[in-house]
Structures are given as C-alpha cells and as structure tokens.
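Heads up, the thing below is written out as structure tokens.
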Amino acid sequence: MLWDLFIFFMKIGFLSFGGGYAVIPMIHYGMSEQGWINDQEFQEIVSLAGMSPGPIATNCATLIGYRIAGPAGSAAATFGIILPSLLIIVIIAAFFYRLRHNRWVKAAFYGLRPIVTGLIAFAAFRFGFPRGFEAIDWQTAAMLLICLASLFGLLKYKLHPLLVIAASAIAGVVLL
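At position 36 of the sequence shown the residue is numbered 1020 (the working numbering), and the sequence of numbers has no breaks.
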C-alpha cells in the first residue's frame, strides 16, 4: 500500500501544473478510481488541507496517506507528491538561464494558463457544489449566493481574503 500511495502521488506531482487547487480533480478521480476514500472523506480532507498552512496538494497527500495507511502512508504520499517538484526545480534551475527567452518555452507556458484556470474553476465548483445543480435547494442557493458575494467583494472592492473568509463563515452560520 505504501508503494502504491507513493507512486500515485508521484504521478500527481509530475502533472501538477497550476498548483494545488488545479490538481484536486486529479486526486479526486484517482481516489475514486482506487476506492481508497469516498467523496465525503475527500471533501473533508480538502477542507482540512485548505485550512492548514502550506500547499493544499501536499496537505491533501499527507492527510490522505495518513487516512489510508497511518504515519507511514502519510510520509509515502507526501514524499511522492513533492519529489517530482524537487527534481523538476533542480533540472530547470540548471537550464533556466539559457531557456528563459526561448519563444517555445514562453508559448508553452502561455498555452497552459487557460487550462490551469479551468482546472481551478472545476475544482472550486466540485468542492462548493458536490451535487452539481441537479438538486437545487435553498442550501445550494445560499452557498451560491455566498460564493458570488465573496467573488464580488474580492474583485470589485479588493477586500482582504481573510476578511472575505471570515464574512463567508459568518454568512454560512446565519444562512445555513
């Protein structure tokens, strides 16, 4: 099991363009496919990982590894997800100075921006609305209202994210 966790998260680590939130759908798909944890457990882990300091993908790997195989699983999953980044950074650092002005490299990174944005939006939607819009009830509507109000406050009024988080938590308590 430890080897499986290590390999699974190492693959995720190699594909983690766009940061932690962009890989949440990939982690969720893999967890569902393997049957290691259910959707409810995954959502709880993502919530806890998001509240914890550090990268969310690393926190998810650590918590999922612990849930599946205890402290050793936690270590295997964490090492698996950070190893690719470590290797890639070392390799890129060795060649970055020569490649930084290469038009193909610039074009590739420019082309990755839209898909990273889409993956983050998808992860946010799946996390915020796990049942989708199939069964819209007053709770789903309230969550959507909080989501839109938060986004509006961040974009229009440039509110501090911690203020928006606190206000959203209060709104959640009042509305839900």
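The beta-carbon is built from N, C-alpha and C at its ideal position, and this holds for glycine as well.
As the structure is a prediction and not an experimental result, all values here were calculated from the model.
The alpha helix (DSSP H) enclosing residue i, as first and last residue numbers
i, result
"S1016", "1004-1018"
"I1130", "1122-1140"
"F990", "986-998"
"G1095", "1087-1112"
"L1159", "1145-1159"
Per-residue burial, residue i [other beta carbons within 10 Å of its own, 16 or more giving buried]
i, result
"H1012", "buried"
"W1088", "exposed"
"W1020", "buried"
"I1048", "buried"
"M1015", "buried"
"T1101", "exposed"
"F993", "buried"
"L1103", "buried"
"F1026", "buried"
"S1031", "exposed"
"G1004", "buried"
"N1022", "exposed"
"A1033", "buried"
"I1154", "exposed"
Cβ distance (whole Å) where residue i is taken to contact residue j below 8 Å
i, j, result
"A1061", "F990", "7 Å"
"A1107", "A1006", "7 Å"
"I1029", "M1010", "Actually they are not in contact, since the Cβ atoms of I1029 and M1010 sit about 14 Å apart, beyond 8 Å."
"G1137", "V1148", "5 Å"
Notebook entry, point to check: Which parts of the segment 1019-1085 are runs of the alpha helix (DSSP H), unbroken and 4 residues or longer, counting only runs that do not cross its ends?
Noted result: 1023-1035, 1040-1083
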